[in-house]
Amino acid sequence: MSVVGRICIVAAFERWARERLHEPLSIRAAAEALGVSERTLQRTTRASLGTSPVRFVQDLRVEQATHLLRSTDLTIAAIARRVGYENANTLRILVRDRTGTTAGQHRRTPPQQLVPSPPGPSSRTRG
436 MSVVGRICIV AAFERWARER LHEPLSIRAA AEALGVSERT LQRTTRASLG TSPVRFVQDL
496 RVEQATHLLR STDLTIAAIA RRVGYENANT LRILVRDRTG TTAGQHRRTP PQQLVPSPPG
556 PSSRTRG
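For what it's worth, the numbering used here labels the leading residue of the sequence shown as 436, then goes sequentially.
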């Protein structure tokens, strides 16, 4: 597949996902909507972005959630629902894992001042 073809598929996938962030998403549904196979979507996303389609959607959700944390007074539970998660804790873990900072830090700190926490055990591994 040409570079232009890959870019078109990835751009269409991003647009499709952003329009549906509040919904449960499946790679199968995305591929069908784009008129490609699941494998083509997976290979193209990895080749173009260096990540899987699932991780890319998670990153989009974290991006939108951190924007909402900084720009609204919505609860973390309400934000989680708006970006497609039923459980606020799932969003908390992803925000921490992907940004290195807590959801609360995003709410209280202007984006240019956020400094990731030092690497340490993930909140999923704490007993």
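We treat Cβ as the ideally placed atom computed from N, Cα and C, and that holds for glycine.
1. Quick check: the stretch 478-495 against the stretch 442-456, are there 3 or more CB pairs under 8 angstroms?
2. Determine the extent of the alpha helix (DSSP H) in which V471 is found, giving its start and end residues.
3. Under the assumption that A466 contacts S472 (Cβ atoms under 8 angstroms), give the Cβ distance between them as a whole number of angstroms.
4. Spatial neighbours of H457 within its chain, please: CB distance less than 6 angstroms, with the 5 preceding and 5 following residues excluded, ordered by chain position.
5. Give every residue of the same chain whose Cβ lies closer than 7 angstroms to the Cβ of A523, excluding the five residues on either side of it in the sequence, and list them in chain order.
6. Determine the burial state of A482: buried for a count of at least 16 other Cβ atoms within 10 Å of its Cβ, exposed for fewer.
Walking through what the data contain:
1. yes
2. Per DSSP, V471 belongs to no alpha helix (DSSP H) and is neither H nor E.
3. 6 angstroms
4. R517, G519
5. Within the same chain, A523 has close Cβ partners I511, A512, A515.
6. Classification of A482: exposed, given that the 10 Å Cβ count is below 16.
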